[in-house]
Amino acid sequence: MQFFTEDKQGTSEIPADRVLLSIGRRPFSENFGLENIGVQTRRGAINTDESMRTNIPGVYAAGDVNGKSMLAHTAYREAEVAVNHMTGIRDLMSYRAIPSVIYTNPEVAGAGETEASAREKGIDVTVKTITMRYSGRYLAENEGGDGIAKIILDKKTERIIGLHMIGNYASEIIFGAGMMIEQEMTLETIRKTVFPHPAVCEIIREAVFQI
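If you use my numbering, the sequence shown corresponds to residues 550 to 760, in order.
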């Protein structure tokens, strides 16, 4: 099978036996009567603020219908924020460290900025990519296997702003990276954090000590 990809550099050919095609998802907000009460939408997605409010007082939207982060765990958090705001508890939704996982073998997971998205925002970054084989447990339990961990740091503040992994256990580790990003942990703080040993999550510590 011949599979062709196209980018700014032109067209390239990739040999493959199988191709998985995923065309994405879109919000579904039709036939709910939103237009009858004046709720604003954009390309089917309901506009919401950081409290999950729409432009109509008393109307909130959480989950795929707002089109911001179409993941179940995002929807849970959005619903919590919405209910808290309804009941007078101050709470705000943050999307900067939502973990995402592709449940393939090996797994792929990420949280925060990618190298490309950070540079698009004008953030000067330090990037370090290391093999998962730096983790003794990963090496022992994945004989002959490999993977990578990429950490993205804001060069100015030395705060971690993104972490992405390919390798088994990635889905179990990425939440920790999300917490580091949300808490704006610095390189120095992560270096002083004690990780369990032997554990695959030590790959984060290995990465920051090589920056």
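Note that the Cβ used here is the ideal one computed from N, Cα and C, for glycine as well. Predicted model only: the values in this text are computed from it and were never measured.
- The Cβ atoms of Y683 and E755 lie closer than 8 Å to each other.
- Counting along the chain, M635 sits inside the alpha helix (DSSP H) bounded by residues A621 to M635.
- Scanning C750, G727, T678 and A631 for the CA closest to the CA of T597 turns up A631.
- Straight across, the Cα-Cα distance linking E579 with V614 is about 10 Å.
- Just measuring C-alpha positions, the residue of D695, I595 and T678 sitting nearest Y718 is D695.
- In the three-state scheme derived from DSSP, where H, G and I count as helix and E and B as strand, V757 is classed as helix.
- Between the beta-carbon of G685 and that of P606 there is about 56 Å, and that puts the pair past the 8 Å contact cut.
- A distance of 8 Å or more separates the beta carbons of D703 and V676.
- Annotation: Y609 to T603 spans about 5 Å, alpha carbon to alpha carbon.
- The DSSP-derived three-state label of D703 is strand.
- For S666, the uninterrupted alpha helix (DSSP H) run begins and ends at E664 to E669, by DSSP.
- About 3 Å separates the Cβ atoms of G616 and A594, confirming a contact at the 8 Å cut-off.
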